[in-house]
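Here the protein sequences line up with chains G and D, keeping their order.
Each number in the numbering used here corresponds to the 1-based position in the first sequence with 10 added.
Each number in the numbering used here corresponds to the 1-based position in the second sequence with 10 added.
Report on the structure given below.
Protein chains: 2
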Amino acid sequence: MTNTCDVCTYRSYLFDNLNKTEFGLLTLSRKEMFFRKGEIICREGEKINNFYYLKEGLLKVYKTVDARKEQIISISNPLDFIGLLSVFSNFNYIFSVSALENSSICIIELDALKKLIQSNGEFAMTLLEKMSKMNDQILETRLLINLKNLRGRTAYIILMFAKDIYKSKKFDLPVSRKEIAELIDMRTENVIRILSELRNDGIIKIEGKSIEIIDQKRLESISEFG
Amino acid sequence: MTNTCDVCTYRSYLFDNLNKTEFGLLTLSRKEMFFRKGEIICREGEKINNFYYLKEGLLKVYKTVDARKEQIISISNPLDFIGLLSVFSNFNYIFSVSALENSSICIIELDALKKLIQSNGEFAMTLLEKMSKMNDQILETRLLINLKNLRGRTAYIILMFAKDIYKSKKFDLPVSRKEIAELIDMRTENVIRILSELRNDGIIKIEGKSIEIIDQKRLESISEFG
DNA sequence: CGCGGCTTTGATGTTCATCAAGTAAAGTGG
DNA sequence: CCACTTTACTTGATGAACATCAAAGCCGCG
């Protein structure tokens, strides 16, 4: 008898080193939860009891700066969001996570996972690698964005959505202008202004949430040198 | 017969879960190297063969932006620098590391360490925790610095040296003004300007590399709200 | 239908990067 | 060890990039 976990992408991506018994144990404690667009998965400061991974959907990881302002750390699609920064290093979340699109999230009790890490070193190694890679990537991206001027950041983030997330030159933005600003350290007004500029220059088409890249070469050049 | 590793801080900090045999094996493959102030420990792009930890001294982790400019990611003292970001997630270093002060670094072959991770899950868990914590802290610090204006950043970095590194209100800067700028995303001229301002306001004394905090309350307030 | 949040554009102000120029310190080669 | 070169440090003046303020239209939602 097979369960749905056996055919999940994560089976080979993350749990390849678990034997049948171990994997069975894990899937027993596993719960799958559905989050509607906008719903919050976990909040900064809450106690960490579970290990999450994103099966389907799109999430944002963020910190609350003050009542009016958030800082978005990263946007993650499946395989880019496993566990969470801080799951193994803190007792409480240091970031919040919410759903940008309807999402399916798998939840494993942290204690069960820790036991597996301790009993299966190969699995521990895989997890260590994946989480390190995730961490590195987030840090590198933040550093990269910081080097760019506002035009460069805007171009960069459009390309990120097109290439990494939607794999298409045409897509609907899953975030507001304000959220884009919070993601790339800008003010909302400037995001809007620069999007308009890029449209007037014939580099992108934009209408509400819908974006289409017209001149990818130029957009990439702006992203790189801006 | 004891070796020096038995009395090293890292024995309990990182290697507590290794038994005598395992620890013995590790220390056999261990080499200790001495780096003089200014020397480079490893370079961005080089193949990763070793796992490093800082026994004594002070390091900077940085990326080269272009021939004239570096970006400093973090400054680490012992126990804050174990392994390196990217050791487990990449084949090649994504950052460089050099010594800000004369430093002793212990070097373990990465393969030997990986074998231990795979055979000893408790050790794996400890390593995962420590490295995650290091990663989280670096990311949080970068985010925090970015929220501050130049005055706030300068105050923050002075307090970091005083509280985290030298544990004293009076200390000698281990870095140049240019390096401070590279660490907190500023221009050298502005670092100098603001240090002078803080001196003129009677908040710090500064003479060459020597800094003394006079009014810590005010400095902390500048760091927090700046 | 009215309120609040999102979007947009224009005008204004501030912060910070850049340029320039000079002094001091430190490293380099004869 | 001294002349020479380079690098670090410092201050002032200027301009560009970006934040802030203001106002108005839009949309969704109670």
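The C-beta atom is built at its ideal place from N, Cα and C for all residues, glycine as well.
query: Is it buried or exposed, G/R163, if we count other Cβ atoms within 10 angstroms and call 16 or more buried?; result: buried
query: Report buried or exposed for G/F98, applying the criterion of at least 16 other Cβ atoms within 10 angstroms of its Cβ.; result: buried
query: What ranges does the alpha helix (DSSP H) occupy inside the stretch 173–209 of chain D, keeping only unbroken runs of at least 4 residues that lie completely in it?; result: 187–193
query: Determine the burial state of D/D146: buried for a count of at least 16 other Cβ atoms within 10 Å of its Cβ, exposed for fewer.; result: buried
query: Bridge partners for D/E222 per DSSP, in chain order?; result: D/K180, D/K215
query: Report yes or no: is there a C-beta of chain G within less than 7 Å of the C-beta of D/E139?; result: yes
query: What is the residue span of the beta strand (DSSP E) that D/Y62 lies within?; result: 60–76
query: What residues of chain G sit near D/N100, judged by a beta carbon separation below 8 Å?; result: K143, D146
query: Check distances from the C-beta atoms of the stretch 151–172 of chain D to those of chain G and list, in chain order, the residues that come in under 8 Å.; result: R152, L153, N156, L157
query: Under 7 Å between beta-carbons, which chain D residues line up against G/S129? List them in chain order, please.; result: G131
query: The alpha helix (DSSP H) that contains D/F133, what's its start and end?; result: 131–157
query: Taking only the alpha-carbon atoms, compute the straight-line gap between G/K198 and D/F61 and give it to the nearest angstrom.; result: Just to set this straight, residue 198 of chain G is Thr in the shown sequence, not Lys. Approximately 44 Å between the Cα atoms of the pair.
query: If you run the structure through DSSP and keep just helix, strand and coil, what is G/L110?; result: strand
query: Would you say D/L149 faces chain G, with C-beta separation under 7 Å as the test?; result: yes
query: Where G/K215 and G/K180 are concerned, what is the direct C-alpha to C-alpha distance, given to the nearest angstrom?; result: 9 Å
query: Output, in chain order, the set of chain D residues within a Cβ distance shorter than 8 Å of G/N95.; result: Asn is not the amino acid found at residue 95 of chain G; the sequence shown has Leu there. Those are S142, N145, D146, L149, listed as they occur along chain D.
query: Answer yes if the stretch 91–106 of chain D comes into contact with the stretch 130–148 of chain G, meaning at least three C-beta pairs across the two stretches below 8 Å, and no otherwise.; result: yes
query: Secondary structure at G/C15, three-state DSSP: helix, strand or coil?; result: helix
query: Expressed to the nearest angstrom, what Euclidean distance is found between the alpha-carbon atoms of D/K30 and D/C15?; result: 12 Å
query: Within 10 angstroms of its Cβ, does D/K8 collect 16 or more other Cβ (buried), or is it exposed?; result: It is not possible to answer for residue 8 of chain D, since the shown part of chain D is limited to 11 through 236.
query: What separation, rounded to the nearest whole angstrom, lies between the Cα atoms of G/D182 and D/R53?; result: 41 Å
query: Under 8 Å: do the stretch 107–121 of chain D and the stretch 70–87 of chain G share three or more Cβ pairs, one atom per stretch?; result: no
query: Consult DSSP for G/F45 and reduce its assignment to one of helix, strand or coil.; result: strand
query: Candidates G/E49, G/L38, G/L24, G/K79: which alpha carbon is nearest G/Y63's?; result: G/L24
query: Check D/S86 in the structure and name its three-state DSSP category.; result: strand
query: Hey, is G/M43's beta-carbon within less than 7 Å of any beta-carbon in chain D?; result: no
query: Keeping to the same chain, check which residues put their C-beta closer than 6 Å to that of D/I194; ignore five residues upstream and five downstream.; result: I155, R163, I167
query: Can you say whether D/K65 is buried or exposed, counting buried as having 16 or more other CB atoms within 10 angstroms of its CB?; result: buried
query: Drop a sphere of 10 angstroms on the beta-carbon of D/S142, count the other beta-carbons inside from all chains shown, and report buried for 16 or more, exposed for fewer.; result: buried
query: Helix, strand or coil for G/I6, going by three-state DSSP, please let me know.; result: Nothing about residue 6 of chain G can be read from this structure; chain G reaches only from 11 to 236.
query: Between which residues of its own chain and D/E234 is the CB-CB distance below 8 Å, once the five residues before and five after are set aside?; result: G162
query: Return the CA-CA distance between D/N126 and G/T37, expressed in angstroms with no decimal places.; result: At residue 126 of chain D the sequence reads Leu, which differs from the Asn that was named. Straight-line Cα distance between these residues: approximately 27 Å.
query: Return the residue from the list D/N210, D/S206, D/E192 that minimises the CA-CA distance to D/R78.; result: D/E192
query: Report the rounded CA-to-CA distance for D/R203 versus D/A172, giving the unit in angstroms.; result: 20 Å
query: For D/A165, which option in D/K177, D/E150, D/I190, D/L123 has the closest C-alpha, if you only look at C-alpha atoms?; result: D/I190
query: What in chain D is Cβ-close to G/A134, meaning under 8 Å?; result: I127, Q128, G131, A134, M135, L138
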